[in-house]
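**Q** Sending over a structure as structure tokens; questions will come in a sec.
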Amino acid sequence: MKIVVGTRGSNLALTQTNMVINELKENHPNIEFEVKIIKTKGDILNNIPIDKIGGKEIFIKEIEKELLDGTIDMAVHSMKDMPGELPEGLKLSFTPKREDCRDVLILKEGITNIDDIPIGGRIGTGSKRRKYQILKYRQDLEIVGIRGNIETRIKKIETEDLDGVILAAAGVNRLGLELGDRIFYLDKEVVLPSPTQGILAIEIRENDIKLHNILESISHTETEIQSRAERAFLKGVGGSCHIPVGAYCNVMDKKIYLEGLLGTEDGSILIRKSVEGNLDSPEELGYNLAKYMVKEIDRI
Numbered sequence: 001m002k003i004v005v006g007t008r009g010s011n012l013a014l015t016q017t018n019m020v021i022n023e024l025k026e027n028h029p030n031i032e033f034e035v036k037i038i039k040t041k042g043d044i045l046n047n048i049p050i051d052k053i054g055g056k057e058i059f060i061k062e063i064e065k066e067l068l069d070g071t072i073d074m075a076v077h078s079m080k081d082m083p084g085e086l087p088e089g090l091k092l093s094f095t096p097k098r099e100d101c102r103d104v105l106i107l108k109e110g111i112t113n114i115d116d117i118p119i120g121g122r123i124g125t126g127s128k129r130r131k132y133q134i135l136k137y138r139q140d141l142e143i144v145g146i147r148g149n150i151e152t153r154i155k156k157i158e159t160e161d162l163d164g165v166i167l168a169a170a171g172v173n174r175l176g177l178e179l180g181d182r183i184f185y186l187d188k189e190v191v192l193p194s195p196t197q198g199i200l201a202i203e204i205r206e207n208d209i210k211l212h213n214i215l216e217s218i219s220h221t222e223t224e225i226q227s228r229a230e231r232a233f234l235k236g237v238g239g240s241c242h243i244p245v246g247a248y249c250n251v252m253d254k255k256i257y258l259e260g261l262l263g264t265e266d267g268s269i270l271i272r273k274s275v276e277g278n279l280d281s282p283e284e285l286g287y288n289l290a291k292y293m294v295k296e297i298d299r300i
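The sequence shown begins at 1 in full-length UniProt numbering and counts up by one.
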């Protein structure tokens, strides 16, 4: 049996794809895998802010087309790039264990934490969620819009005279970047992560039962629950790149605790709320929290 796996061509995308393939090979040594690199709109238009060229689908649409056409059998994405609704005929299959969900600051040489950044310091990020939460903690900072893969964004600390850039810890960890004391992990209390940050999404055709069963061998139960709760919250608030949205689900003592962040497009309103519920209803918990927070935003 041969499985063709579609992915973007960045170092991180290929690293993540090979991680999934290697895990599958351990359980299914007789399966052959082929990696197919697919360029997406988000890769081609890499100097334009995401909210100016579309939503999350700019990183996956071309890959999904190949899935539907049958030229690939499955795709590996970062789950946080997945829109709430998938095209008809496609579905998300099982999910491997989550990486660190937090955001990190990669800082200029000589700066080791967020409080040491000089007054008026320049921080690079293309995310409204990161921008407005950081400004809530340090109002004096100047936020500079940047795009590009992880390595490109780190280089912009020098080329654009930045004091730091904000990235997902998961990507930095998966690439094994050695940055010493330039890495500062941002507590979830300061910057709540993007829904499903650190989780990989494996997308397949809806009717591919055989492949779905193969993928079950790498499933991680706690990550599946977190993904279901956080994606339900994202769908419930109508999450896009145009508004700041964050969420994190903690699974503990047979209960789930979900925290959400929602703001207006200009960041003038930013609210955080938490709920708890049962393990068997993560989607319901996510939708209920979203519904409550949308009402609260409308009321303010």
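Virtual Cβ for every residue (Gly too), placed ideally from N, Cα, C.
The structure presented is a predicted model; accordingly, all values stated were derived computationally and were not measured.
Look at the alpha carbon of residue 99 and the alpha carbon of residue 268, and state the distance between them as a whole number of angstroms.
**A** Taking the straight line from one Cα to the other gives about 31 angstroms.
**Q** Looking only at its own chain, which residues have a Cβ that is under 7 angstroms from the Cβ of residue 285, when we skip the five neighbours before and after it?
**A** Cβ within range, chain order: 229, 256, 258, 275 and 277.
**Q** Tell me whether residue 307 is buried or exposed, calling it buried when 16 or more other Cβ atoms sit within 10 Å of its Cβ.
**A** Past the boundaries of the shown model lies residue 307; the chain is included only from 1 to 300, so the question cannot be answered.
**Q** If contacts are defined as beta-carbon pairs under 8 angstroms, then residue 272 and residue 193 qualify, I think. What distance do you get, rounded to the angstrom?
**A** In fact, because the Cβ distance is near 12 angstroms, the residues do not count as touching under 8 angstroms.
**Q** State buried or exposed for residue 244, treating a residue as buried only when at least 16 other CB atoms are found within 10 Å of its CB.
**A** By the neighbour-count rule (16 or more Cβ atoms within 10 Å), residue 244 is buried.
**Q** Could you tell me which residues DSSP pairs with residue 105 in its beta bridges?
**A** According to DSSP, residue 105 bridges with 166 and 184.
**Q** So residue 142 and residue 122 are supposed to be a Cβ contact under 8 angstroms. How far apart are they, rounded?
**A** With a Cβ gap of about 5 angstroms, residue 142 and residue 122 count as contacting.
**Q** By a C-beta neighbour count over all protein chains shown, 10 Å radius and 16 as the cutoff for buried, is residue 203 buried or exposed?
**A** Classification for residue 203: buried.
**Q** Provide the residue span of the alpha helix (DSSP H) that contains residue 250, from first to last.
**A** Unbroken run through residue 250 is the beta strand (DSSP E), 245-252; no alpha helix (DSSP H).
**Q** With residue 326 as the anchor, note down where its beta strand (DSSP E) starts and where it stops.
**A** There is no way to answer for residue 326, as the model of the chain reaches only from 1 to 300.
**Q** Quick one: Cα of residue 294 to Cα of residue 242, how far?
**A** C-alpha separation (whole angstroms): 15 angstroms.
**Q** My output table needs one value for residue 82: the three-state DSSP class, helix, strand or coil.
**A** Residue 82 falls in the coil class under three-state DSSP.
**Q** Is residue 61 helix, strand or coil when you go by DSSP?
**A** It is helical.
**Q** Can you check DSSP and say which residues form a bridge with residue 260?
**A** 247 and 273.
**Q** Distance check for residue 20 and residue 280, CA to CA, integer angstroms please.
**A** Near 27 angstroms, if we compare the C-alpha coordinates of residue 20 and residue 280.
**Q** Kindly give me the distance between the Cβ atoms of residue 7 and residue 31, rounded to whole angstroms, as I take these residues to be in contact under 8 angstroms.
**A** Not confirmed; about 17 angstroms, so no contact.
**Q** Could you compute how far the alpha carbon of residue 218 sits from the alpha carbon of residue 12?
**A** Looking at the two C-alpha atoms, the distance is approximately 20 angstroms.
**Q** Beta carbon of residue 215, beta carbon of residue 94: below 8 angstroms?
**A** Yes, the Cβ-Cβ distance between residue 215 and residue 94 is below 8 angstroms.
**Q** DSSP three-state label for residue 284, please.
**A** Three-state result, residue 284: helix.
**Q** Just list the residues that DSSP pairs residue 76 with in beta bridges.
**A** Residue 76 is bridged to 202.
**Q** Can you tell me where the alpha helix (DSSP H) holding residue 141 begins and where it ends?
**A** No alpha helix (DSSP H) holds residue 141; DSSP gives it neither H nor E.
**Q** Short of 8 angstroms in beta carbon distance, which residues of its chain neighbour residue 16, apart from the five on each side in sequence? Order them along the chain.
**A** For residue 16, where only same-chain residues beyond five positions count, the Cβ hits under 8 angstroms are 7, 76, 78, 174 and 200.
**Q** Leaving aside the five residues before and after residue 156 along the sequence, list all residues of the same chain whose C-beta is less than 8 angstroms from its C-beta, in chain order.
**A** Excluding positions up to five away in sequence, the list reads 124, 146, 148, 162 and 165.
**Q** CA-CA distance, residue 89 and residue 246?
**A** Distance between the alpha carbons of residue 89 and residue 246 is about 28 angstroms.
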